[in-house]
Amino acid sequence: MAKNDLISGSIWDEYSNQVIKRMDEPTHQGEITEEMAKEAGGKLIVADFGAESCGDAVRLYWVVNETTDVIVNSKFKSFGCGTAIASSDVMAELCIGKTVDEAIKITNIDVEKALRDHPDVPAVPPQKMHCSVMAYDVIKKAASTYKGVDMESLESEIIVCECARVSLATLQEVIKLNNLQTVEEVTDYTKAGAFCKSCIKPGGHEAKDIYLVDILKDVHAEMEHDKLKQAADASAAGQSSFDKMTIVQRIKLIDEVLDGEIRPMLAMDGGNMEIIDIKENTPHYDIYIRYLGACNGCASGDTGTLYAIESVLKQKVDENIRVLPI
Amino acid sequence: MEVYLDNNATTKVDPEVFKAMEPFFCHIYGNPNSLHKFGAGTHPKMVEALNYLYEGINAADADDIIITANATESINTVIKGIWIDKILNGNKNHIITSEVEHPAVTATCRFLESQGVNVTYLPVDENGTLDASLIKEHIKEETALVSIMWANNETGKIFPIKEIGAICKEAGVAFHTDATQAIGKIRVDVQACNVNYLSFSAHKFHGPKGVGGTYVQKGFELTPLLHGGEQMGGHRAGTVDVASMVGMGLAMKLATSEIALAYEENHVKKLRDKLENAILEIPETIVIGGKENRTPNTTLISFRGVEGESMLWDMNQKTIGASTGSACASEDLEANPVMNAFGSDSELAHTGVRFSLSRFNTEEEIDYAITVIKNAVNRLRNISSSYAYTPKDHVSQL
């Protein structure tokens with residue numbers, strides 16, 4: 001939420017002139033019959049696709065030259081808002097002259113970019129990006145019909161954000177690599193969730209199989225698991241360094257050193273000590289201790305004894321350790 | 001020609017109302033809570049405005065009408081107040097409402113559900129009508145409140161408020177109604193209908209935006225949503241917006257007089273029917289929810305094969321303003337629940353266009369709108385895949 005989000009404006013104001021022009025006068029709207037396809041020397045392909053959530057639907061017609069696989073003509077009919085009609089119109093236009101394999105590569109991003117008046121200014125408001133996805137899907141449907149294969153076989157990746165075409169694998173990798181903590185950070189890095197927002201969490205415009213909040217949670221759980229496993233493996237192999245240890249491992253190691261080197265010395269004077277907490281204070285590790293028995297209130301607790309404890313821990317555990325009595 | 005047919009969204013301020021408000025910005029500007037003459041000078045007009053509000057809904061002198069910022073604040077105050085009084089501090093944990101309420105009611109109830117309150121959302125039938133006997137069926141010992149709108153904003157359907165009021169009274173359950181779409185269109189009488197709480201908003205009946213009210217029957221509590229000063233008898237803190245209050249009072253008077261309501265029932269309804277009948281000459285168009293028992297200014301029409309936002313777009317190109325519940329037209333892209341509540345035909349949720357008139361519409365405007373609407377439907381059906389390829393059993397399903 002920011003200043004620009006506080007007063008929502010008319011979404012129509014954010015349509016490019018291209019969107020408006022194609023909405024008002026779509027140039028590739030219409031039907032192609034078997035006879036027309038025959039006259040054009042190609043095979044007629046008809047594909048339907050509907051976006052259940054917003055009720056939009058599109059029918060795409062192709063005339064494909066079966067020798068070259070080139071789409072020689074393309075038209076559409078569309079039930080939808082202005083953006084859906086404009087997207088369908090430009091989508092039909094982009095298909096003409098391409099082979100079917102080339103057409104499959106046309107994404108909704110290409111459709112939206114073709115509708116821009118200026119290369120850097122989006123053609124539609126974020127929540128309308130969704131309408132261009134339908135155009136992308138119907139191309140896949142037409143291609144699968146032409147090739148006689150399942151539509152799903154033309155999609156090799158699991159797409160989480162259809163508006164920005166961001167895959168699950170990409171999201172997992174980026175979250176892990178950059179240790180992203182929030183959905184906002186994920187959106188900043190990948191653009192996923194920046195448009196219609198359906199993929200962020202359940203309850204949006206369209207129900208999804210997987211959401212960014214879940215991916216974030218799963219990747220962090222996986223990272224945490226990996227971290228624990230690494231710590232356990234390193235410990236088992238005797239190769240664990242203090243900075244890679246879990247908090248429990250750190251306490252255990254410090255206690256072992258204290259038991260071996262410090263506590264016998266304190267016990268001789270009737271004293272003892274306990275660890276209260278360990279805090280990472282990069283580059284230091286601050287170990288909070290409390291003196292017990294005769295050490296509690298002893299004048300050297302803040303001077304000689306403290307120096308001795310810290311020196312031993314620095315030497316035996318990690319040179320960045322600082323000991324702080326409370 | 002510009003034609004505004006979206007009066008269920010908001011109305012233009014009646015020039016007479018505007019004139020009455022004007023002195024309170026620069027000339028009579030004292031804080032009504034101040035003791036000096038500048039403050040005291042506002043009182044007579046505030047009293048007059050309050051009287052108009054009481055008369056407008058037939059509230060008794062012993063009852064309260066609390067001035068709020070809008071109906072949404074009023075609704076939140078009532079429902080959350082009940083939550084505090086009867087649910088947090090009592091042993092009741094159940095609210096009954098309908099599936100087709102304004103989001104001010106449903107979103108508040110959803111919030112309370114997240115706090116552990118049980119809410120029953122009653123469905124409407126295929127005509128968008130609520131069966132009052134459903135209320136009786138669902139009231140139980142734990143029911144703290146029944147909140148049902150007086151008239152629906154999308155269809156204009158008038159709900160059986162009198163029957164619901166009687167049922168609630170008999171069961172000893174508090175009854176709140178959102179009368180935002182009823183005031184100024186039909187007679188609203190809180191005493192005749194056993195209403196305990198009622199919410200309204202001035203900008204729906206040619207008053208200013210930013211002001212509304214809450215009726216509270218004597219003997220019923222209202223926990224403040226806004227705490228602070230002692231304004232409104234401690235029920236709603238904050239310096240009273242005198243200009244808005246005066247405007248709302250006069251707007252209420254103008255909208256609820258016998259003459260005004262007769263004008264709605266005759267002139268506005270006549271124009272609405274003219275528009276509706278002309279539209280229904282277009283093949284495969286229907287009035288969603290049917291024609292019976294509606295406010296006189298509203299018609300919700302489905303044009304088969306024509307998506308709502310596209311229709312609004314074409315009309316807007318010809319300077320006609322209307323409204324749609326279609327998912328594509330809304331900021332959050334969620335289809336209007338009122339459209340979805342009809343259930344039997346998913347196409348309705350996307351093809352419904354609401355035309356809502358007011359006393360300021362003219363016959364010339366309606367004639368112009370009819371021409372524009374017919375042309376738009378023709379153009380969009382020519383593009384439409386839905387119109388070209390789906391079975392034409394649209395009308396028979398309803």
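Taken in order, these protein sequences are the chains called A and L. All residue numbers for the first sequence refer to full-length UniProt numbering, where the first residue is 1 and numbers rise by one. All residue numbers for the second sequence refer to full-length UniProt numbering, where the first residue is 1 and numbers rise by one. Ideal Cβ positions, reconstructed from N, Cα and C, are used throughout, including at glycine.
Alpha-carbon to alpha-carbon, residue j and residue i
i	j	result
A/Ile-254	A/Lys-217	32 Å
L/Gly-16	A/Glu-206	What sits at residue 16 of chain L in the sequence shown is Glu, not Gly. Approximately 47 Å between the Cα atoms of the pair.
L/Ile-259	L/Ala-151	21 Å
L/Met-21	L/Ser-244	7 Å
L/Gly-41	L/Leu-35	10 Å
L/Ile-57	L/Asp-189	5 Å
A/Asp-302	A/Ser-235	33 Å
L/Val-39	L/Ser-201	First, the residue type needs correcting, since residue 39 of chain L is Gly and not Val in the sequence shown. Their backbone Cα atoms lie some 25 Å apart in a straight line.
A/Leu-292	A/Asp-269	11 Å
L/Ser-344	A/Gly-42	Below a pLDDT of 50, predicted positions are generally treated as unreliable, and L/Ser-344, at 48, falls in that range; no measurement from the model is reported.
A/Pro-325	A/Pro-125	58 Å
A/Asn-17	L/Arg-381	23 Å
L/Met-149	L/Glu-347	25 Å
L/Lys-37	L/Leu-226	28 Å
A/Leu-168	A/Ile-158	6 Å
L/Trp-313	L/Lys-274	23 Å
A/Ile-32	L/Tyr-389	14 Å
A/Val-213	A/Thr-170	15 Å
A/Lys-3	L/Asn-51	41 Å
A/Lys-316	A/Ile-278	16 Å
L/Lys-204	A/Leu-154	53 Å
L/Pro-23	L/Val-242	10 Å
A/Val-186	A/Ser-88	30 Å
L/Ile-84	L/Tyr-387	51 Å
L/Met-1	L/Arg-236	43 Å
A/Ile-210	A/Ala-192	12 Å
A/Glu-274	A/Glu-319	20 Å
L/Leu-333	L/His-350	Residue placement at L/Leu-333 is poorly supported in this model, since its pLDDT is 49, which falls under 50; the coordinates are not used for a value here.
A/Thr-67	A/Val-100	12 Å
L/Lys-291	L/Ile-186	16 Å
A/Glu-39	A/Val-63	10 Å
A/Phe-49	L/Ile-373	28 Å
A/His-220	A/Val-174	12 Å
A/Ile-289	A/Leu-6	50 Å
L/Thr-324	A/Ile-85	18 Å
Neighbour list for residue i in chain A, Cβ cutoff strictly below 7 Å
i	result
L/Ile-383	Pro-26, Gln-29, Lys-77, Ser-78, Ile-85
L/His-350	Gly-55
L/Gly-305	Phe-79
Residues that residue i bridges to, as DSSP identifies them
i	result
A/Arg-290	A/Glu-274
A/Gln-315	DSSP output for A/Gln-315 lists no bridge partner at all.
A/Pro-325	A/Ile-289
L/Gly-352	L/Ser-302
L/His-94	L/Asn-118, L/Thr-143
L/Asp-6	L/Ser-356
L/Thr-324	L/Val-353
L/Thr-68	L/Gly-212
A/Ser-167	A/Ile-159
A/Tyr-61	A/Val-46, A/Lys-75
L/Ile-183	L/Ile-186
Chain L contact residues for residue i, given Cβ-Cβ distances below 7 Å
i	result
A/Met-23	Trp-313
A/Gly-82	Glu-309, Ser-310, Trp-313
Within chain A, partners of residue i - CB distance below 8 Å
i	result
L/Tyr-389	Asp-48, Arg-59, Lys-77
L/Ser-386	Ala-57, Phe-79
Proximal residues of chain A, C-beta to C-beta of residue i below 9 Å
i	result
L/Gly-233	Those do not exist, as L/Gly-233 stays about 32 Å from chain A at its closest Cβ, beyond 9 Å.
Residue i beta carbon near the ligand PLP (any heavy atom closer than 6 Å)
i	result
L/Thr-324	Among the components of this structure there are no ligands whatsoever, and the ligand PLP is therefore not found.
Using a Cβ-Cβ cut-off of less than 9 Å, give me the residues of the stretch 110-124 of chain L that come near chain A, in sequence order.
Along the stretch 110-124 of chain L, there is no position whose C-beta sits under 9 Å from a C-beta of chain A.
If contact is defined by three or more beta carbon pairs under 8 Å, each pair taking one atom from either stretch, is the stretch 256-264 of chain A in contact with the stretch 278-288 of chain A?
As far as the Cβ criterion goes, the stretch 278-288 of chain A does not touch the stretch 256-264 of chain A, which means the pair count is below three.
With a threshold of 8 Å, are at least 3 pairs of Cβ atoms found where one atom belongs to the stretch 249-259 of chain L and the other to the stretch 79-97 of chain L?
These segments do not touch.
Listed from N- to C-terminal order along the chain, which residues in the stretch 160-173 of chain A have their beta-carbon within a distance smaller than 7 Å of any beta-carbon of chain L?
Look at the stretch 160-173 of chain A: it has no residue with a C-beta under 7 Å from a C-beta of chain L.
Of the residues that make up the stretch 83-101 of chain L, which ones have a beta carbon closer than 7 Å to any beta carbon in chain A?
Cβ contacts with chain A come from no residue of the stretch 83-101 of chain L.
Do three or more CB pairs link the stretch 115-123 of chain A to the stretch 53-67 of chain A at distances below 8 Å?
Contact between the stretch 115-123 of chain A and the stretch 53-67 of chain A is absent, because fewer than three Cβ pairs lie under 8 Å.
So does the stretch 300-309 of chain L actually touch the stretch 159-171 of chain L, counting three or more Cβ pairs closer than 8 Å?
No: the two stretches stay apart, fewer than three of their Cβ pairs being nearer than 8 Å.
Touch check for the stretch 296-305 of chain L and the stretch 305-324 of chain A: three-plus C-beta pairs under 8 Å?
Taking 8 Å as the limit for Cβ pairs, the verdict is that the stretch 305-324 of chain A does not touch the stretch 296-305 of chain L.
Would you say the stretch 169-181 of chain L touches the stretch 119-129 of chain L, given that touching needs at least three Cβ pairs under 8 Å?
In short, these stretches do not touch, since the Cβ pair count stays below three.
Counting pairs of Cβ atoms below 8 Å between the stretch 206-224 of chain L and the stretch 107-115 of chain L, do you hit three or more?
Proximity of the stretch 206-224 of chain L to the stretch 107-115 of chain L falls short of the contact definition, fewer than three beta-carbon pairs being nearer than 8 Å.
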